[in-house]
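The structure appears below as structure tokens.
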Amino acid sequence: MSLYHEKAIQFVQQYEAVTTQDVHGQWLKLLHDLTPGNALDIGAGSGRDARYLAELGFAVTAVEPADALREQAMNLCSQLPEHLEIKWRADELPNLTGLKDQQGYFEVVLLSAVWMHLTPIERYKALPVLNHLLATDGVLVITLRHGTFTDGRPSYTVSSDEILQLALQHQLPLSPLLITHLETDALGRNDVLWQTVVLKKG
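Be aware that the sequence shown starts at 560, since it is given in our numbering, and climbs by one per residue.
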């Protein structure tokens with residue numbers, strides 16, 4: 560987490576170098592089946608995806624635990640028209656303590672480039688929390704980063720199978736709506752591949 564504080568400006572520049580459509584193009588079409596309601600962006604970084612969701616009409620809660628990164632993101636979001644709603648929170652997985660009273664509140668829950676930072680035990684704890692926050696018929700979107708970091712950030716092996724197995728272990732009402740093939744990195748890093756898992760509740 561400390562690296563996200565220390566290099567907040569660099570991370571914001573990196574995240575803003577690509578668009579939400581560049582990064583999430585394979586699943587964004589699923590949002591067309593949803594009436595814009597409430598969306599939760601966990602590990603919201605620069606706020607790029609939170610701003611996109613707000614522009615689609617969602618009332619967005621953006622969670623970012625790194626203070627310096629969150630401050631940079633809030634500055635970017637302050638340039639949005641006033642009618643676009645993004646609420647920022649300092650919270651983190653696996654517990655998301657500050658959101659526990661919002662059971663079934665969010666039609667969209669997004670974890671973009673977050674899951675690999677959680678240990679297997681933290682993931683085991685996190686999935687029921689995410690299910691708790693997700694509305695019936697809502698979608699949970701988790702992007703999986705395949706590839707190690709060279710800057711010291713912790714990461715752990717991820718797979719779509721693990722997520723599906725966790726849902727079964729907890730007997731959660733989450734079923735796969737989309738599991739993408741491995742995709743190349745939008746920033747052009749040859750040693751990084753991405754995959755997206757979309758689960759629907761109900």
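The beta carbon of each residue, even a glycine, is placed where N, CA and C say it ideally should be.
- Residue environment for Gly697: buried (at least 16 other C-beta atoms within 10 angstroms of its C-beta).
- For Ser734, the secondary structure class from DSSP, reduced to helix, strand or coil, is strand.
- Gln631: member of the alpha helix (DSSP H) spanning 626-636, first to last residue.
- Assigned with DSSP and collapsed to three states, Gly657 falls in helix.
- DSSP, read as helix, strand or coil, puts Gln662 in coil.
- Distance from the Cα of Gly584 is smallest, within the candidate group Lys759, Thr739, Ile680, Leu677, for Thr739.
- Looking at the backbone, the Cα of Leu655 and that of Ala618 are separated by about 18 Å.
- The beta strand (DSSP E) runs of length 3 or more contained entirely in the stretch 663-723 are, from start to end of the chain, 665-670, 693-705.
- Apart from sequence neighbours up to five positions away, the residues of its chain that approach Arg629 with a beta-carbon distance below 7 Å are Glu623, Trp647, Ala649, ordered along the chain.
- For the pair Val667 and Leu736, the CB atoms are not nearer than the 9 Å cut-off.
- Between the alpha carbons of Ser671 and Ile701 lies a distance of about 6 Å.
- Using a Cβ distance threshold of 9 Å, Gln631 and Val571 count as a contacting pair.
- In this structure Leu658 is not in contact with Leu686, their Cβ atoms being roughly 15 Å apart against a cut-off of 8 Å.
- For Ala613, the uninterrupted alpha helix (DSSP H) segment begins and ends at 607-614.
- The shortest C-alpha to C-alpha distance from Val673 to any of Ala613, Thr709, Gln754, Thr594 is the one to Gln754.
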